[in-house]
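Visitor: These protein sequences, in sequence, are chains A and B.
Numbering follows our numbering, with no gaps: position 116 of the first sequence is 194.
Numbering follows our numbering, with no gaps: position 121 of the second sequence is 167.
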Amino acid sequence: MTVDEALAAVRAGDHAAFRHAIGACEAEVRVLLAAMLPDRTRVDACVHEAFVTAYHRLDGFRAGREDGKAWIVSVARAVGMAARRAAIRVEQAKRPHRAEIEASLDDELMARVDRGLGKTMAGLPTCLAQLHEAAREVVVEHYWRGTVPADIAQLRERSNAWVRVTLFRAREALAACLEPGAGSGGDRGSHPRKDGAHGA
Amino acid sequence: MAEIADLIREKTARMERDRRDYLLSGYVGETLTDAEGRELADHIARDATTRARLLDQLILHRLLHESARLPADSGRVLQALSEPPDTADAVMSRLRAKSAIGREETITDSFHRRPAAKASHKLPTVERSRWAWIAWGIVAVAVILAVVYIARRML
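1. Of all the options A:PRO116, A:ALA95, A:VAL130, A:MET159, which has the alpha carbon lying nearest to the alpha carbon of A:ARG176?
2. Output yes if chain B places a C-beta closer than 8 Å to the C-beta of A:ILE100; else output no.
3. Per the DSSP calculation, A:GLU144 is bridged to which residue(s)?
4. Got a sec: is the Cβ-Cβ distance from B:THR59 to anything in chain A below 8 Å?
5. Closest by CA to B:LEU86, which one among B:VAL123, B:LEU70, B:GLU62, B:ALA197?
6. List, in chain order, every chain A residue whose beta-carbon is nearer than 8 Å to that of B:GLY183.
7. Compare the C-beta of A:VAL27 against all C-beta atoms of chain B and say whether one is closer than 8 Å.
8. Use the C-beta contact count for B:ILE190: other C-beta atoms within 10 angstroms, 16 or more gives buried, fewer gives exposed.
9. Expressed to the nearest angstrom, what Euclidean distance is found between the alpha-carbon atoms of B:GLU62 and B:GLU56?
10. With a threshold of 16 other CB atoms inside 10 Å of the CB of A:TYR133, please say whether the residue is buried or exposed.
11. Going along chain A in order, which residues have a C-beta closer than 9 Å to the C-beta of B:GLU112?
12. On the criterion of 16 or more Cβ atoms from any shown chain inside 10 Å, does B:LEU201 qualify as buried, or is it exposed?
13. Between which residues of its own chain and B:PRO161 is the CB-CB distance below 7 Å, once the five residues before and five after are set aside?
14. Consider the Cβ of A:ARG155: report whether some Cβ of chain B lies at a distance smaller than 8 Å.
15. Between A:ALA112 and B:ARG122, is the Cβ-Cβ spacing less than 8 Å?
16. Taking the straight line between their C-alpha atoms, what separation do you get for A:GLY196 and B:GLU49?
Okay, structure coming up:
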């Protein structure tokens with residue numbers, strides 16, 4: 079069942095058909111919201127909210143004239159934007175410089191989000207495999223196993239600064255690898271680099 | 047002299063780059079002090095390259111985290127949706143399902159029917175007066191029959 083067919087079925091009263099629309103769009107919606115939100119703990123709730131909002135706004139979907147998946151993503155974008163602005167307002171009271179920096183990134187961030195982050199996600203495994211071994215291990219340790227930098231530093235008998243610099247350079251290497259023309263199917267840039275963690 | 051000046055420029059440039067890297071890394075890792083945060087905000091406002099690098103760092107940092115990779119949980123979303131949305135299609139669908147008189151009801155029909163349906167325990171005024179007359183008739187006949195019965199017994 080396509081997203082358009084699922085939405086048509088829901089409009090006709092088949093409540094459960096919405097499951098197909100969620101299944102087809104969830105990954106894209108999640109990546110979109112994860113990139114937009116400054117607070118990653120809000121991502122899950124926001125994905126949920128995006129689908130509930132889409133369901134209740136279903137009368138606004140123009141079947142046959144717009145793509146169902148694109149419509150759901152546009153609803154999620156609006157939900158994400160509202161959540162992003164709310165998060166920046168909260169940050170304004172606690173850490174004004176973070177709020178200022180986040181707000182200044184708005185236009186460019188949304189331009190990248192609108193170009194689509196699917197290729198970035200698809201290219202990540204290839205680019206991760208190209209990282210220097212130490213950098214790859216630290217990335218996996220931190221992002222996949224959820225280990226905090228201080229614990230990684232202790233485990234590897236290194237300083238906290240070493241872990242932070244290694245993660246920073248690994249992300250720089252990944253960004254370069256994901257650029258278009260870098261051979262990983264990414265979204266931006268020129269050539270792959272394998273310098274993650276070198277000299278860290 | 048020119049070589050020394052070049053070396054100094056190169057060293058200064060490297061120090062500035064290292065400082066920016068430190069600030070970018072600290073921003074993503076949330077370890078910057080307020081003063082360092084303001085310093086980075088100044089760089090971001092002035093320099094498009096620093097802004098683009100920070101954006102690369104932030105997007106990758108956010109996409110690498112588990113929150114961007116969690117599996118779908120459509121069941122939880124469906125649980126939150128207690129009833130079908132009140133779209134025109136859904137209303138039509140419900141009306142067709144309920145229709146028992148062999149013709150398709152329209153939304154206009156259901157709209158006109160709605161006030162009556164809401165007050166279904168009451169009867170229309172005309173029907174009420176007809177039933178009242180019948181009831182009064184029955185009472186009157188019963189009274190007449192009772193009078194006739196009593197009169198016969200007395201005679």
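For glycine and all other residues, C-beta sits at the position ideal for the given N, C-alpha and C.
Guide: Reading off the structure:
1. A:PRO116
2. yes
3. A:ALA141
4. It is worth fixing the name first, because residue 59 of chain B is Ala in this sequence and not Thr. No, B:ALA59 lies away from the interface with chain A (no Cβ there is under 8 Å from its Cβ).
5. B:LEU70
6. The contacting residues do not exist; B:GLY183 stays about 48 Å from chain A at best.
7. Any property of residue 27 of chain A remains undetermined from this structure, which presents chain A solely from 79 to 278.
8. exposed
9. 10 Å
10. buried
11. ARG118, TYR221, TRP222, GLY224
12. exposed
13. Bear in mind that the predicted position of B:PRO161 carries a pLDDT of just 43, short of 50, making it unreliable; the figure below should be weighed with that in mind. So no residue of the chain qualifies.
14. no
15. no
16. 48 Å
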